[in-house]
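Below: the structure, in structure tokens.
Residue numbers (the working numbering), protein chains in the order written: chain E, 6 to 667; chain X, 7 to 393.
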């Protein structure tokens, strides 16, 4: 905690926001009241605080008036926090000596039906802001030295491709692979769409490049044991052939990939090695065959594909759609037709999701004579093994849910992607959460799709969710680019809104370390005693440690006791705001006090209609209410059958209205 | 929604998918009907699918799945008039109109017991061979009527008169029995598999009346091709397919009646017996007009369904046309009383072709003349007539 010297030269800018605020909040009166405060040097209203012109003016004010703190009362900080921090910086003021007060979303917009109360509330909020900035500290961003190296876990297509790009951009890469060989699922793949290249060829191309680019160290048969540290300075322990090796890393990229769903024994008649097999097995079979396909000693001429096996389970574990398997299955069917002749294929599907360019494959399959049959989840096909074939009974929605029977030589279960069984292990080691689908979770699916809540740990590829090869590589390359942007400067700047522990007050009870979700608190010896200390780059500034400390030794930057108490004081001081009685701007507006006047207004309108039907202008002058308001009331009354139109007036200009029960 | 389902097999029966049937059916003139992806556009546009919102999509689906039994026991294919709106509308260019024609041929082939029809529809060379063979036999047969001619003596030298006579009887008998068998089998198959105890069992007399009315005025056919952007909207009623069919049909029937009347009642001494002559002339004009238009539409390929015409269809139309034209020739020749070899040849052609049409009635597209009314009757009876 720095010196408790309060700011004395504060500038307050209250925004009209073009009417959004000033239409409800009496910004002028508040400006005048605030200007009387002792520590406020300048108090202004501006039309749009965020406008370039006003920003320039603010910079001028800060410099010329030697302001040491500013309050901007306008919209939510979500919009312009960084705008005004920028203003402060440009003017030479510490950006953390600026406080944003939200009098729009949290005041004028929320209380547009009570402008009086809204004004009072805004005055309170602004006063609180002034107290807060008075106690604010000048903070500097935390600088962290970053290692220019990256740990990539998993040498599948995503990991390998990202590693190559990271290395090309000048970073050291440690690529860790659990299996004996790199390549992941791509290595076993027959041919890919649309280039038709073999998976192993693609893997070889990548491995060649890895060898050529100097900075990548690939470890196979290696597993990740432990990761400690924080962004810029991770320490990774890897077990390679029984030995533990330690590497520094600036960031970690998780590209551990997926597993295929394995059907349970008996699911759709599945038996390992039998005539009912998974798509993965089927692909290998096609790949290994030359000419015609033979299985169990018999030629295979009729194949049935059953889609959505283990996926899209309304009541099961896997509620999601695995995205790429429709494409994969149809691709396999096309491959099969190309390799062998006289084939008949039937696809038992729930939906066909050959999205994007893959649609042309559906077309091809259809031209090959493949038949498509739609089944419902609650009435799936029944598969029974016969002596030399497989019998399927299914109700086809396209044929009026008629129950149909089919004998096939082979049944292929189109299974989707599931998270790897070791993903919980990885999640625990890196402290990155799993989503409800048990794949790794990103911070925000649209705005921050490759970052995790752990600063410095990124996601790429299918460990994040089912996707095809293109999409996997796209995401891991995106993560690589983000990683490079962060660590290339070799220093990182982090926001200083973190927890701080006063070593003098701390008596090490351990409670703060207990509650910290991010393991950001550690024990430290200083000046002869053991105290708690915050690991600055790891701390996320959540503030949960602050209230549990019995010695009140912890505070959160920008949320210190002084600041919060000041805000409470500021808000609770009563402010006398004069009533905004009528024409301030001099317009002829007959204002009302709001909804509580409505019953009275309705009574006067209805009374005026007792004698005879009247037009709106006539009613308006009879009851001394604004014609617009009268119109509004009449329409509501009309809707609820209290009045009704009664023809046009003599000049054919206005409608007459009368009471309904007359 | 639908009042009744048109296909309503016993619930316990399971239908077996036959993935090879689609290729089989294509041999009967269906094109890429298995490109169908069940959008239902054909059903939406079909003038017949008012009550049953399944036709013709469901029939196409049956073909793709290879459910032969269901196809053979449906009356729907025989309610369709091949207007071709479905083919025009199909986004996959799967030509449902041609598919419907193909399953009609398939049905005729399946019901007819000898398998000759199947051969004729599926193989163009065989079709030609069989047609020529029958023509030859008929020709021989005719020559027995004029034993004094040179050609006759030449034939009888090679093949005795008696043999030809017996052969003729056998052939006609064979054709007749096959025809009867085929028609009976079709009628039985169709009526057996209609929903039993359907609440909307229409009385026989009413159903019969409806059939007769439809045959007389082709009302349902007229409703086909009434689509607003249909090619036929711009044409006059006497150019439209329903009228073309009406005139060919009633023309042929009229000629049949006229010829029969001549054969039965005409005094051989007179050349012309006016009642039958008037009937024959008017009917002849109708038939020739209809056949001419039909042929011209197919030659010009005016709409999508006319783009493909099978050999069987061409043969049928040309035979009708030639029979009609030669008929007029002979009418004039008889009126002028001339008796030269050219007229005799024309007479030969006329008779052979007419007899071919009659003989091959059961083995060709012509069988529709029986199948359609029977199917219509059964459909009306069980309330399944689509609209």
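All C-beta atoms in this analysis are idealised placements derived from N, C-alpha and C, irrespective of residue type, glycine included.
Taken atom to atom, the span from the alpha-carbon of residue 315 of chain E to that of residue 356 of chain E is near 14 Å.
Interface flag for residue 231 of chain E against chain X is unset, since no Cβ pair is found closer than 7 Å. Boundaries of the alpha helix (DSSP H) harbouring residue 632 of chain E: 632-644, taken from the DSSP string.
Contact check for residue 416 of chain E and residue 274 of chain E: beta-carbon distance about 7 Å, within the 8 Å limit, so the pair qualifies.
The three-state secondary structure of residue 381 of chain E, taken from DSSP, is coil. Looking at the DSSP output, residue 239 of chain E shares a beta bridge with E:234 and E:254. Selection X:64, X:76, X:104 and X:374 evaluated against residue 36 of chain X yields X:104 as nearest (Cα-Cα). Not a single C-beta of chain X is nearer than 7 Å to the C-beta of residue 306 of chain E.
Contact with chain E is found for residue 44 of chain X, since one of that chain's Cβ atoms lies less than 7 Å from the residue's Cβ. With a minimum length of 4 residues, the unbroken runs of alpha helix (DSSP H) contained wholly in the region 412-460 of chain E fall at 428-435. Unbroken alpha helix (DSSP H) runs of no fewer than 4 residues, entirely contained in the region 127-207 of chain E, are found at 162-173 and 189-192, following chain order. Residues of chain E with a Cβ closer than 7 Å to the Cβ of residue 67 of chain X are, in chain order, 403 and 404.
In its chain, beyond the 5 residues on either side, 387 have a beta carbon closer than 8 Å to the beta carbon of residue 210 of chain X.
Nearest C-alpha to residue 13 of chain E among E:87, E:19 and E:74: E:74. Between residue 48 of chain X and residue 83 of chain X, the gap from beta carbon to beta carbon reaches 7 Å or more. Here the region 535-550 of chain E makes no contact with the region 115-127 of chain E; the two share fewer than three CB pairs at distances below 8 Å.
One Cα belongs to residue 147 of chain X, the other to residue 165 of chain X, and the distance between them is close to 11 Å. Interface annotation, residue 338 of chain E: not in contact with chain X, CB-CB separation never under 7 Å. Counting only the Cα atoms, residue 313 of chain X lies some 39 Å from residue 267 of chain X.
Non-local C-beta neighbours of residue 392 of chain X in its own chain, meaning closer than 8 Å and more than five positions away in sequence, comprise 12, 54, 55, 56, 57, 58, 61, 82, 85 and 385, ordered along the chain.
Spanning the alpha carbons of residue 11 of chain E and residue 140 of chain E requires a straight line of approximately 5 Å.
With fewer than 16 neighbouring CB atoms inside 10 Å of its own CB, residue 223 of chain X falls in the exposed class. Put simply, the CB of residue 392 of chain E is far from chain X, with every gap to its CB atoms at 7 Å or more. Residue 652 of chain E and residue 24 of chain E have their alpha carbons spaced roughly 39 Å apart. Distance from the CA atom of residue 626 of chain E to the CA atom of residue 31 of chain E, rounded to whole angstroms, is 30 Å. For residue 282 of chain E, the CB contacts under 8 Å within the same chain, skipping 5 residues up- and downstream, are 275, 290, 415, 416, 417 and 418 in chain order. Using beta-carbon distances, residue 346 of chain E does not count as an interface residue toward chain X, since no partner is under 7 Å. The region 6-40 of chain E contains, as complete alpha helix (DSSP H) runs of 4+ residues, the segments 32-40 (chain order).
When Cβ-Cβ separations below 7 Å define contact, residue 409 of chain E makes contact with chain X. When secondary structure is reduced to three states using DSSP, residue 214 of chain E falls in the helix class. With 16 or more neighbouring CB atoms inside 10 Å of its own CB, residue 341 of chain E falls in the buried class. The alpha-carbon of residue 95 of chain X is positioned some 16 Å away from that of residue 40 of chain X. If you check the CB distance, residue 484 of chain E and residue 258 of chain E come in under 7 Å. If you check the CB distance, residue 111 of chain X and residue 133 of chain X do not come in under 7 Å. For residue 258 of chain X, the enclosing alpha helix (DSSP H) stretches over residues 247-271.
Looking at the DSSP output, residue 650 of chain E sits in a beta bridge with E:662.
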